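Here full-length UniProt numbering is used: the first residue of the sequence shown is 1, the next is one more, and so on.
Working notes, beginning with the structure itself.
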Amino acid sequence: MRLHVGCAMWQHTPWQGRFLPHPLPPGERLAAYATWCNAVEGNTTFYATPARATVESWARQTPADFRFVVKLPRPVTHEHRLTGADEELRSFLEAMEPLGPRVHALWVQVPGSFGPDDLGTLAAFLRRLPRSYRSAVEVRHRAFFADERAARQLERVLAGVGAEWVPFDTVTLFGSPPTTDAERDAWTKKPRVPRRSLALTDRPIVRYLGRDDPDRTVEGWQHWVDTVAGWLREGRSPTVFVHTPDNADALPLARRFHDAVRALLPRLDPLPDPVPAEPLTLF
1 MRLHVGCAMW
11 QHTPWQGRFL
21 PHPLPPGERL
31 AAYATWCNAV
41 EGNTTFYATP
51 ARATVESWAR
61 QTPADFRFVV
71 KLPRPVTHEH
81 RLTGADEELR
91 SFLEAMEPLG
101 PRVHALWVQV
111 PGSFGPDDLG
121 TLAAFLRRLP
131 RSYRSAVEVR
141 HRAFFADERA
151 ARQLERVLAG
161 VGAEWVPFDT
171 VTLFGSPPTT
181 DAERDAWTKK
191 PRVPRRSLAL
201 TDRPIVRYLG
211 RDDPDRTVEG
221 WQHWVDTVAG
231 WLREGRSPTV
241 FVHTPDNADA
251 LPLARRFHDA
261 VRALLPRLDP
271 LPDPVPAEPL
281 TLF
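This is the structure we're talking about:
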């Protein structure tokens, strides 16, 4: 029984000296984060493929059971729309090799304009990915959420290659008007789609976006606490990423989510004790 939880990044200025030690050299920042959470979203790989030496450092800083969900580069998913980007994809996969089994899934986030008419392209792309990796697809076209036929077509494409459908749950964010600058910015950028919580594989992945008020974030995630507990009882191994618009408290919130699920399933192993933000002293 294993639950992975994490955030959208492993270093964030509001965490420094508050949750994580500061200053820390680059080669130790992920290691400190990994004492708080056992998974992380690889968002940075969307903007640039890192050097192999950088990825080797990520592997050195994390235990063998730590998990990365790494986003495919923008040229592959958004510029070439999954066709004609073989070289960019090859370079990315070679860079990720040092992570080995720490790569929980290759995260294929397609643009909002990628709709039901593009499912043939998606199917062909997923079939070309190495079988040594699992795939997870995030769609944002409203047809996949409003049209049952389109949703079933997507599910069949994903099931054909054992890929997961990654929901990005923004229901709590849009449940009431924004109250902070970060929430107002998120309202203009984040997808407003219905919540979806059907797992297709034994390793479902959830992205949950709450509010900048931690209490409102916790109130909004009860659906996922119950759902994730159910998945664990079924023998699945879910991964949940907790976001807030400013992410200032996302790190402890991810642990709170794990604790909430563990309250329902005491057999679930606890997370490790986090590294203290300040060095221990004798006085």
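Virtual Cβ for every residue (Gly too), placed ideally from N, Cα, C.
Computed from a predicted model, the values in this text were never measured in an experiment.
Spell out the partners DSSP gives tyrosine 208 in its beta bridges. Asp169, Val242
For proline 191, tell me which candidate among Gly42, Leu99, Glu138 has the shortest Cα-Cα distance. Glu138
For glycine 6, name the three-state secondary structure that DSSP assigns. strand
From which residue to which residue does the alpha helix (DSSP H) around residue 290 run? Limits of the chain in this structure are 1 at one end and 283 at the other, which puts residue 290 out of reach.
In chain order, what residues of the same chain have a beta carbon less than 6 Å from the beta carbon of valine 166, not counting five sequence neighbours either side? Ala136, Glu138, Ile205
Rounded to whole angstroms, how far is the Cβ of phenylalanine 19 from the Cβ of proline 214, which I believe are closer than 8 Å? Between proline 214 and phenylalanine 19 the Cβ distance is about 13 Å, and since that is not below 8 Å, they are no contact.
Between Thr77, Thr83, Ala64, which has its C-alpha nearest proline 101's C-alpha? Ala64
Give me the Cα-Cα distance between valine 228 and alanine 124, rounded to the nearest whole angstrom. 31 Å
Alpha carbon to alpha carbon, what distance is there between methionine 96 and residue 291? A question about residue 291 goes unanswered here, because the residues of the chain that appear run from 1 up to 283.
Just to confirm my understanding: we take threonine 281, look at its own chain, exclude 5 residues before and 5 after, and list those with CB closer than 8 Å. What are they? With a pLDDT of 46 at threonine 281, under the threshold of 50, the modelled position of this residue cannot be trusted, and the question is left open.
Please work out which residues of its chain come closer than 7 Å, Cβ to Cβ, to proline 270, disregarding the five sequence neighbours upstream and downstream, and give them in chain order. Arg262
Mapping DSSP to helix, strand and coil, what is leucine 99? helix
What first and last residue would you give for the beta strand (DSSP E) that runs through glutamate 41? 39–42
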